[in-house]
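Below is one structure, written out as structure tokens; the observations come after it.
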Amino acid sequence: MDRSSIEPLLEDLKNPTERVRERATQELWRIWFHQKGIYGLDFLQRAQVLLDRGSLKEAEAVLTELIEDQPDFAEAWNRRAVLYYSMGDYYKAIEDCRVAIGLNPVHFGALHGLGLCYATLGKYREAIQAFQQALAIQPFALINQRLILECTARLS
1 MDRSSIEPLL
11 EDLKNPTERV
21 RERATQELWR
31 IWFHQKGIYG
41 LDFLQRAQVL
51 LDRGSLKEAE
61 AVLTELIEDQ
71 PDFAEAWNRR
81 AVLYYSMGDY
91 YKAIEDCRVA
101 IGLNPVHFGA
111 LHGLGLCYAT
121 LGKYREAIQA
131 FQQALAIQPF
141 ALINQRLILE
151 CTARLS
């Protein structure tokens with residue numbers, strides 16, 4: 001993924017105007033979901049339909065097939081991490097979040113997901129670090145600010 005094409009959107013995430021931030025957030029998600037064109041988007045959509053139906057193993061199979069075919073597709077890894085999180089398989093979710101972040105270091109969704117996994121496992125220092133990294137990209141994301149405070153309170 002060409003970082004220069006998303007740089008203005010990343011800057012817009014820091015804009016004090018909420019409308020500007022929302023537009024940038026939506027556009028980044030659109031770019032990430034469309035990274036592999038209709039082919040990748042079709043797999044992601046099929047997996048989401050299966051997930052919504054509660055067909056978790058089938059959704060996992062669809063995402064795993066996509067990942068095996070397109071291992072550099074960060075959003076496929078992120079979507080499978082979301083699936084694993086929803087299944088309660090936090091260690092697998094962490095692994096997939098890490099791959100997604102390795103492929104796309106500004107993926108605030110994967111960073112947020114990584115923090116959620118760590119927080120659920122009681123690894124609050126790691127969770128805080130992940131939420132802080134997400135917050136560096138999206139400084140107005142109140143959810144990450146709140147989760148940092150909650151995790152910090154649990155450290156004592």
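Going by UniProt numbering, the sequence shown runs without a break in its numbering and finishes at 156.
No residue lacks a Cβ here, since even glycine has one placed at the ideal position from N, Cα and C.
Here the structure is a predicted model, which is why all the values come from computation and not from measurement.
Where does the unbroken alpha helix (DSSP H) through residue i begin, and where does it stop?
| i | result |
| --- | --- |
| Ser86 | 74–87 |
| Leu114 | 108–120 |
| residue 157 | Here the chain covers residues 1 to 156 and nothing more, so residue 157 does not appear. |
Can you confirm whether residue i, when its beta carbon is compared against all beta carbons of chain B, has any partner nearer than 8 Å?
| i | result |
| --- | --- |
| Ala110 | Among the chains in the structure shown there is no chain B, since it carries only a single protein chain. |
Taking the alpha-carbon of residue i as reference, which of the options has the nearest alpha-carbon?
| i | options | result |
| --- | --- | --- |
| Tyr84 | Gln70, His107, Glu58, Asn104 | Glu58 |
| Val106 | Gln145, Ile31, Arg19 | Ile31 |
| Ser86 | Leu116, Ala100, Leu10 | Leu116 |
| Gly37 | Ala76, Ile6, Arg23, Leu155 | Ala76 |
| Leu121 | Tyr90, Glu11, Arg53, Phe33 | Tyr90 |
Give the DSSP-derived three-state secondary structure of residue i in the structure shown.
| i | result |
| --- | --- |
| Ser55 | coil |
| Leu44 | helix |
| Thr17 | coil |
| Asn144 | helix |
| Lys92 | helix |
| Pro105 | coil |
| residue 161 | Only positions 1 to 156 of the chain appear in this structure, which leaves residue 161 out of reach. |
| Pro8 | helix |
Report, in whole angstroms, the separation of the C-beta atoms of residue i and residue j, which I expect to be a contact under 8 Å.
| i | j | result |
| --- | --- | --- |
| Arg21 | Phe140 | 6 Å |
| Ala127 | Arg79 | Not a contact, Cβ separation roughly 21 Å. |
| Val62 | Gly113 | Val62 to Gly113, Cβ: 19 Å. No contact. |
| Leu155 | Tyr118 | Actually they are not in contact, since the Cβ atoms of Leu155 and Tyr118 sit about 12 Å apart, beyond 8 Å. |
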